[in-house]
Each structure stands twice: as structure tokens, then as C-alpha cells.
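All residue numbers for the sequence shown refer to our numbering, where the first residue is 82 and numbers rise by one.
Quick reminder that beta carbons are idealized off the backbone N, C-alpha and C, glycines included.
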Amino acid sequence: MHDRGYYGEFGGAFIPEVLVGTFDELVEAFEAAKADPAFWDEYVALMSSYSCRPTPLTFAENLTRHFGGARIYIKREDLNHTGAHKANNVMGQGLLVKRMGKSRVIAETGAGQHGVATATMAARMGFDCTIYMGEVDVERQRPNVFWMERLGAEVIAVTEGTRILKDAINEAFRDWVTNMDDTHYALGTACGPHPFPTMVTWFQSIIGKEARRQVLDITGGLPSRVYACVGGGSNAMGIFSGFMDDDVELIGVEAGGHGIETHEHAARLASSDATVGVAQGYKTYFLQDDDGQMRETHSVAAGLDYVGVSPILSHLRDSGRVRFSAATDREVIDALSLTIRKEGLIPALESTHAFVQAFKEAPELSNEDVIIINQSGRGDKDIFTVADAFHDPKWEEFIIQKAEEYKNA
Ligand SMILES: Cc1ncc(COP(=O)(O)O)c(C=O)c1O
């Protein structure tokens, strides 16, 4: 265990002896990159030419009129290449991998967005790539598996445990322990052992830097509140970091699943169901039982369906800097439907959690207030889940017909 990377009592690096050298190398490469202004410039130039940065800040005029309170702005991370903020982190880590002279990257993925982003980075930068994904997520996010394989990645469906994100992370760590000489583990969120929470936040801080500049340019002032969904915490930390020292309220929205009272959710910080523990190399709030066994979580959004949460956010919750709430699956589907119809935007199910809370609070505020919602990704990947939720008979007919064609081929 290193004494670096603590946020209050949370964080740290609880890693096997065999990985200590690999982590030291990573910390050193990251610190050197951070201290070198040319590295950040190279990163911004890459993201501008390859991933549509700066992403726009869109005024949601119709939703603003609909709720009749705060002026609602949406930070458009969905416009990144591969459709989510995940690109910011992986392209940054890809540049670091080059600096470290490694040739292979591995990653875990839940919704598949981080897997697609990592496979894309590997294709672009010429690395071998293996992605670990829980079997349950493979089933609900098949289109992303298809694209990862087209991009040249090997996708390994993890059949251990409850076969979701936490199990994929465990498998990725097992791989790393065996292959650390040539392999970098491109962890996808602001969790895990130090330096990942700090490093992922640093790459994602591009969102907050841009958003702060844009909201000042467009509205002449700072927002009253900023909303972001929280899975592991990377898009939230990315946008929050731009406003951390301002008088701006920061709200993280977790997966309320079937409702907090059912205990079938992934609300680590918005419920009292989680307790402090150490797992997967770091200390934070986990949804675990009295014996420290990880509990089953549930969310309609695969990317929020995780037992742990960024140690930085645990600290910011306990110190009162960030407020947390949860949105249920049903509320998410309703908010998605409204956003599609009113603004022509299709946020990812993950991102829509942030919209739910913003929609609840916007009417309480005045039109002097500006709020920003971070649209962390686009919803195209969710077509199967959303079509089920909307019970669209034409879609069901199309799928049945397609299945018949495959059967008869
Ligand atoms: C679109 C989108 N938003 C949010 C998340 C949650 O991750 P994080 O909390 O690290 O931003 C995911 C995870 O897969 C995602 O795909």
C-alpha cells in the first residue's frame, strides 16, 4: 500500500506486491506528463483533430420553456468520437502508453463505451487490445461488442461472479499481473488504485475547463448548479473540476434502479446502503454485505451498474462539496422520452440520470439561474433497452423478422 493518492480517508493503492513496480512506472510517467505543458497541448490537439473538441454547450431552449425556471444548458460529450466522454480518458492514456513504450492495452467495460473507446485508441495508435466485459453486459450491449471486434480488439466475456462491471475489472487486473511488462491497463473511470482516480480526472478535466469558459462566454456568468451522472465518477469529476473553486453547486446523480427502498440500485453515495471498505485496490464506499461481499447492483444503465465509486467523490460527498441524488429506471425512461421529443437530443441512459435530477430542480429556480447538465454520451447504443422500455411493436416485429432471416439463411 502506498500512502499517495488519498482524498480524506479514501483512495490509496492496495495492490499486489508484483504490481508495485508497474504502478511506480505509471505514476512517474503521469507526473512527468503533467509537469510538461507540451503534453497537455499534444493531448488537446489530438482531441481537437480526432474527437470534436471543444464539444459545444447547447442551450436547451424548449426544455427551459417547458419547465419555466432555470435556463438549461447541456455540455455535449455525446459528440466525442465513439459517442461518449470515455474518449477523453483513453486518448490521454494512449499518449502515456506511447511514452512508456508499451505495446498492448487492456480494459474493462460496462456499457461498452469505454471498451469501444479503448479499442479505437488501440487501432489508431497501433496497440494490441483485449477488453474484459461481464457476460450480462455483453448480452445487453451487443452492438458495442460488434464494434470492438471490428476495431481489432479481443473481447472476453467474463463469466465469474455476477458477470457485470466489477467482475470485468477483477479479470483485467488478473491479466495485468501476468502481462505487466508490455501491457497497460487503461482503467475507464476515476476509481481503482492511485494514480487512476487522479489521472482519469486530469484527462476528463478538459470537460470542465471548456464548460466554464463556454458558460462565461455565452451567459456572462457562472451556473448555479452543474449536474452529472455517476457510475465510477469520471464524467462527473471531469465537469465538476472546472467549477470546484467557484460558488457553484455540484450534483452527482446515481442509479436508483428499481428504487432506493427496494435495495436494487447502484446508489453508493445517495443511499445509506453502502459502507466504507477496500476492494479492487482502493478504499471507498461499496455496496457490500456485513462480510464485505459485494452486493448485486441494478440499473437500466450498464455504465452506472457498479458497486464502488470514485474515492474523490466519496470525499467530496462527506465534506459536503458535492450533493448526491438517485434517479430510478422509470424516471430515466420518462426524462429520455421528454428530451428526445423536446430537444431532438438522444442522451445515453447513463447521462439521462443527470437530466432527471435537473428536471426536478429547474422549476424551483428562476430564469436568472443557469444550470448545466453533462450529457456524457449518446443513446444510440441503448436502442435495444429503450425499445423494450417503450414496447414498440414495430421494432419487435423487425427483430423477429431479422431473426427469421438468420435462421433460414
Ligand atoms: C455514456 C456514459 N456515461 C457515464 C458513464 C459512467 O461512467 P463515469 O461515472 O465514469 O462517467 C458511462 C460508463 O460506461 C457511460 O458510458
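Is residue i near residue j, with beta carbons less than 8 Å apart?
i    : j    : result
L385 : G312 : yes
A407 : A348 : yes
T409 : E291 : no
D218 : L246 : yes
R231 : F465 : no
V239 : Y213 : yes
G458 : G215 : no
F208 : R185 : yes
D399 : G89  : yes
H346 : S315 : no
H195 : A203 : no
G150 : A439 : no
F91  : T378 : no
R180 : A114 : yes
V334 : F367 : no
G358 : G340 : no
I427 : G460 : yes
I393 : A271 : yes
M280 : L100 : no
In terms of DSSP beta bridges, what is residue i paired with?
i    : result
A347 : A336
R157 : Q456
G215 : V239
H265 : V186
M375 : Q369
A407 : E335
E330 : R306
G358 : T365
P428 : R459
F140 : Y154
V451 : R152
G86  : Beta-bridge pairing links G86 to no other residue.
D209 : R185
A165 : G458
For residue i and residue j, which I take to be in contact (beta-carbon distance under 8 Å), what is that distance rounded to the nearest angstrom?
i    : j    : result
Q456 : R157 : 6 Å
G362 : G273 : 5 Å
F104 : A94  : 6 Å
V197 : M172 : V197 to M172, Cβ: 13 Å. No contact.
P278 : V108 : Not quite, the Cβ-Cβ distance comes to about 12 Å (not below 8 Å), so this is no contact.
H166 : I288 : 6 Å
N169 : F324 : No, N169 and F324 are not in contact; Cβ-Cβ is about 17 Å, not under 8 Å.
A119 : L177 : At roughly 14 Å, the Cβ-Cβ gap does not stay under 8 Å, so A119 and L177 are not in contact.
E412 : C310 : In fact, because the Cβ distance is near 12 Å, the residues do not count as touching under 8 Å.
G175 : M206 : 5 Å
L446 : V390 : That pair is no contact at about 27 Å.
Rounded to the nearest angstrom, what separates residue i and residue j at their Cα positions?
i    : j    : result
I453 : D298 : 14 Å
G86  : I480 : 48 Å
T420 : R152 : 15 Å
E330 : F405 : 11 Å
H83  : W257 : Per-residue confidence for H83 stands at a pLDDT of 46, beneath the threshold of 50, marking its modelled position as unreliable; the derived number appears in the next sentence. Cα to Cα, the separation comes out at about 19 Å.
A200 : G191 : 14 Å
F471 : L144 : 21 Å
M318 : T139 : 20 Å
K483 : R223 : 15 Å
G338 : G193 : 19 Å
I155 : S395 : 25 Å
D370 : N161 : 38 Å
Y487 : K462 : 22 Å
S286 : A490 : 49 Å
I96  : E241 : 21 Å
S130 : E123 : 11 Å
E478 : T433 : 27 Å
Y308 : G102 : 38 Å
Is any beta-carbon of chain B found at less than 8 Å from that of residue i?
i    : result
V381 : No chain B is part of this structure, which consists of one protein chain only.
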